Amino acid sequence: MRNRKKRKESGYGQIKTKLFLVTIFTMLFSVLGASLLYDFVFRGRFANFVVGFLDHVIYAGRKDAYERARETYQLYIRNYLEWYFMGGIMFLFMIAQMIYINSFIKYFSEINRGIDALVTENAGDVILSQELAATERKINSIKHTLEKRKSDALLAEQRKNDLIVYLAHDLKTPLTSVIGYLTLLRDEPQISQELRCRYTEIALDKAERLEELINEFFDITRFNLTALTLETERLHLSRMLEQLASEFHPILAERELRWSLNIAPDIMLVGDADKLARAFDNLIRNAVNYSYAGTEISLYAQTEADMVKIMIKNSGKTIPPDKLSHIFEQFYRADAARSSATGGAGLGLAIAKEIVELHGGTITAASANECTIFIVTLPV
């Protein structure tokens, strides 16, 4: 039943029907032509012409010329009329088939032109004969897919280039600060110990920020040049999430944020611990960067059937639907107004998505009423 349905949906019904009808027409034409040849050529006037030719030319001057001519016609032509008839059918069939094959070749020429349109990137859709409607749809579908991939690649490349410009600009600020404060410490030996400690602390803070920016450069390179591979093991997801939440306590305190944890105990699954930790770290860091001060970040993890559901929710600016649909794309930042100092390289969510999908899971995002939530599902 399924195979029959596939045949019906193949989309080549018109060309099959045309082939069938042309084949029937060719056979009828061949039989009819051979019949006419048999009745009007090999008999009647043609027979008289052959006998007369033999009588007056080949056997001319002989008393029995006419009888010999009739015998020759009977021996070499009339006795083999059935064979001549079959040969005539085959000859006419081949001629008709050659004519049709030459007209059929135009379909391949059209398909070749359609394929050339994919290579040369011609504007507009490919148009083929009505019989090739299915092939036309397929070629145009491939054409649109290739165009979209090229457009996405160009857009991602542009975002990356823009981001590198932003990062290069942002590198200058902490570097200038580090040089400035270290120069003060070197050139002003008489400053108080308290001020010296303060300058040292500021220089260290700027140096750490400089390290973060350099690491973002490395992230961009790694994301483009290497493919993520998994080293799976049985891991304790509950413990991993609790540890990550604990590591973020100082950052939350600094930004006047607080945790709301709802993590089921003893959630176990098979996965790459380092990669999953990186994915959840990226999601939590994103929530921290885009949360209003004094609000709560929720981290939820529960087992549902044969899946684990993890939700990270924060209160912040609502992400418009047109931006939400691109949020997992590399080098994309929903808030373009943010500098790389807070917005990151736009790689965190893209990397998180790739890691989750490599584990056979899914990741989605929703944003409304100044609340954004990321939902991750992973197989147990």
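So for the sequence shown, the numbering used here puts the first residue at -11; every next one is plus one. Here a beta-carbon is modelled for each residue, glycine too, at the ideal position from N, C-alpha and C. It should be emphasised that the depicted structure is a prediction, and the values quoted were computed from it without experimental measurement.
ask   = Would residue 345 be called buried (16 or more neighbouring beta carbons within 10 Å of its own) or exposed?
value = exposed
message = If I measure Cβ to Cβ from residue 74 and keep anything under 7 Å in the same chain, skipping five residues before and after, which residues do I get?
response = none
request  = Flag residue 231 as yes when its Cβ comes closer than 8 Å to any non-hydrogen atom of the ligand SAH, and as no otherwise.
outcome  = In the structure on display, the ligand SAH does not appear, and there are no ligands present to speak of.
task = Would you mind giving the Cβ-Cβ distance between residue 128 and residue 114, rounded to the nearest angstrom? I have them listed as a contact below 8 Å.
result = 6 Å
Residue from 363, 39, 222 and 354 with nearest C-alpha to residue 310 = 354
query = Run through DSSP, which three-state label would residue 347 get?
reply = coil
Completely contained beta strand (DSSP E) runs for the segment 107 to 187, where each covers 3 or more residues = none
message = Do residue 363 and residue 299 have their beta-carbon atoms positioned less than 9 Å apart in this structure?
response = yes
message = From the DSSP secondary-structure annotation, give me the bridge partner or partners of residue 360.
response = 302 and 355
query = Can you tell which of 286, 219, 261 and 11 has the C-alpha that lies nearest to the C-alpha of residue 245?
reply = 286
task = Kindly indicate which three-state DSSP category residue 51 falls into: helix, strand or coil?
result = coil
ask   = Quick one: is residue 49 buried, meaning 16 or more other Cβ sit within 10 Å of its Cβ, or exposed?
value = exposed
Residue environment, residue 255, which counts as buried when at least 16 other CB atoms sit within 10 Å = buried
ask   = Are the segment 218 to 225 and the segment 181 to 189 in contact at 8 Å, needing three or more beta carbon pairs?
value = no
Pairwise C-alpha distance: residue 367 and residue 292 = 10 Å
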